[in-house]
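Numbering (the UniProt record's numbering), first residue to last: 1 to 466.
Virtual Cβ for every residue (Gly too), placed ideally from N, Cα, C.
Take a look at the structure set out below.
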């Protein structure tokens with residue numbers, strides 16, 4: 001198998017979040033080639049696996065490998081290597097160093113010479129503390145993304161060249177690094193600048209050759225095998241450990257619940273919908289392999305936090321997931337949570353019998369909906385910082401979703417294009433600082449503060465690791 005094929009396997013594993021497999025394959029590929037692209041991929045895999053020193057080593061080696069090659073992709077790889085350095089230094093708590101590297105990534109994306117003495121790392125005071133501030137960064141209008149084209153694109157390709165995406169990523173990372181510095185005391189080590197534009201060239205890691213093992217007898221090999229873990233005895237696993245991992249999201253009309261379960265057999269699955277619960281069986285229990293179809297533990301009852309219309313619900317299944325699409329009985333009402341799972345059959349107070357639905361379709365007993373003559377339910381108005389007051393977003397024309405997301409992108413382009421320069425500046429600042437959870441058009445409200453991350457209810461925010 002060629003090094004290119006092995007490297008691609010590593011890159012594919014990285015995309016799937018399998019960092020250990022990615023590192024193993026990229027290690028093998030890099031034994032025969034010092035490819036900057038493969039080094040950058042392995043740096044990201046190490047960083048995701050929290051091997052920060054190894055990640056920094058690969059990022060710096062990738063920078064030198066790209067510079068020495070001098071090919072048509074060298075600048076792109078050098079830009080990415082500086083960006084990876086910024087991400088890693090940020091995770092190490094070296095926020096001033098992170099900002100310097102992100103700035104160098106932006107300068108390279110703008111076409112500036114790689115060996116230019118730009119003085120970025122020299123902006124320190126007498127005590128060695130970084131002097132670039134978050135407020136100065138925001139005030140630098142020339143180096144902020146801004147529309148230049150008639151269709152409302154956030155950045156003019158002619159101004160930043162072919163590396164506009166890389167430039168925007170580095171700009172966003174500078175916002176995070178300087179935002180952290182803003183709230184740190186001056187004696188914090190994160191203020192110190194210890195980084196150089198051209199990193200010291202690290203040595204290429206050499207894989208250790210395994211020492212030849214002495215041949216072992218069959219009896220010795222049997223002794224070396226680890227003892228197999230005994231299966232749990234029937235009835236020994238408590239209900240709490242059998243519960244599935246469950247995620248959900250909702251719209252004004254539906255609640256979608258995903259149950260993650262291995263080796264589920266779609267053809268054997270039975271799903272029954274009631275007004276306040278959903279019953280599913282048989283479900284294989286990874287924690288309790290002794291559970292068989294027909295056992296109490298093979299049934300999960302989902303006790304819902306709101307009322308649904310059983311006749312309009314549907315479900316689908318794959319070998320690793322069951323997905324339920326529940327129709328809300330009262331559209332427009334937001335559920336604070338989806339409910340809870342209980343092992344076994346739970347008696348329901350519903351007067352009507354539960355409806356058994358077929359996969360990926362509405363319940364077979366569903367009746368055709370009659371035209372409604374009642375006054376439509378009032379849809380809640382969501383908070384907004386717009387001076388024009390709250391908007392009913394549900395009144396906008398609804399079109400079918402498209403996989404490429406062109407409709408939603410077109411909407412935000414139109415919104416951005418039709419705003420004033422001050423509103424555009426507020427939108428950019430609030431979106432970047434809040435990690436995409438807030439979009440404000442009120443510059444007076446956001447100009448003097450860091451816009452906090454406000455995740456949806458029931459979601460816990462976690463820092464992005466690049």
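Bounds of any alpha helix (DSSP H) do not take in residue 448, whose DSSP letter is neither H nor E. With respect to residue 170, residue 102 sits close: the two C-beta atoms are nearer than 9 Å. Just so you know, the alpha carbons of residue 165 and residue 342 end up roughly 47 Å apart. Residue 339 is bridged by DSSP to 304.
The alpha-carbon separation between residue 322 and residue 262 amounts to approximately 10 Å. Within the model, the alpha-carbon separation for residue 47 versus residue 23 is close to 11 Å. Remark: C-beta atoms of residue 36 and residue 77 approach each other more closely than 9 Å. In the displayed model, residue 258 falls within a strand according to three-state DSSP. Here DSSP, grouped into helix, strand and coil, assigns residue 278 to strand.
Collapsing the DSSP output to three states places residue 18 in coil. By the Cβ neighbour-count rule, residue 82 is buried, with 16 or more other Cβ atoms within 10 Å of its own. Taking the CA atoms as reference points, residue 75 sits about 20 Å from residue 98. Judged by DSSP in its simplified three-state form, residue 6 adopts helix. Selection 308, 332, 183 and 429 evaluated against residue 272 yields 308 as nearest (Cα-Cα). Each residue's CA atom was taken as its position, placing residue 325 and residue 332 some 16 Å apart.
Around residue 202, the same chain offers 57, 60 and 61 as residues with beta carbons nearer than 7 Å, after the five sequence neighbours per side are excluded. For residue 247, the enclosing beta strand (DSSP E) covers residues 245-250. The beta-carbon separation of residue 173 and residue 255, rounded to 36 Å, does not stay under the 8 Å limit for a contact.
Annotation for residue 182: the continuous alpha helix (DSSP H) segment containing it runs 164-182. Taking 8 Å as the upper bound for CB-CB distance, residue 285 and residue 267 are not in contact here, some 19 Å apart.
Under the DSSP definition of a beta bridge, residue 130 partners with 124.
At the C-beta level, residue 194 and residue 69 stay beyond 9 Å of one another.
Nearest Cα to residue 127 within the set 110, 186, 163 and 86: 186. Listed in chain order, the non-local C-beta contacts of residue 41 below 8 Å within the same chain comprise 7, 10, 11, 14, 22 and 26, local neighbours out to five positions each way being set aside. Only exposed fits residue 136, as fewer than 16 other CB atoms lie within 10 angstroms of its CB.
For residue 272, the secondary structure class from DSSP, reduced to helix, strand or coil, is strand. In the structure shown, the three-state DSSP call for residue 201 is coil. If you ignore the 5 residues before and after residue 454, its C-beta comes within less than 8 Å of the C-beta of 434, 437 and 438, all in its own chain and listed in chain order.
Annotation: the continuous alpha helix (DSSP H) that includes residue 74 extends over 74-91. A Cβ-Cβ separation of about 11 Å leaves residue 428 out of contact with residue 441 under the 8 Å criterion. Excluding five sequence positions before and after residue 422, the CB atoms of its chain that fall closer than 8 Å to its own CB belong to 443, given in chain order.
Looking at the DSSP output, residue 192 sits in a beta bridge with 129. In terms of Cβ geometry, residue 277 and residue 346 form a close pair [threshold 9 Å].
Put simply, of 89, 244 and 234 the residue whose alpha carbon is nearest the alpha carbon of residue 292 is 234. Residue 197 counts as buried, since at least 16 other C-beta atoms from the protein chains shown sit within 10 angstroms of its C-beta. Distance from the CA of residue 425 to the CA of residue 412, rounded to the nearest whole angstrom, comes to 14 Å.
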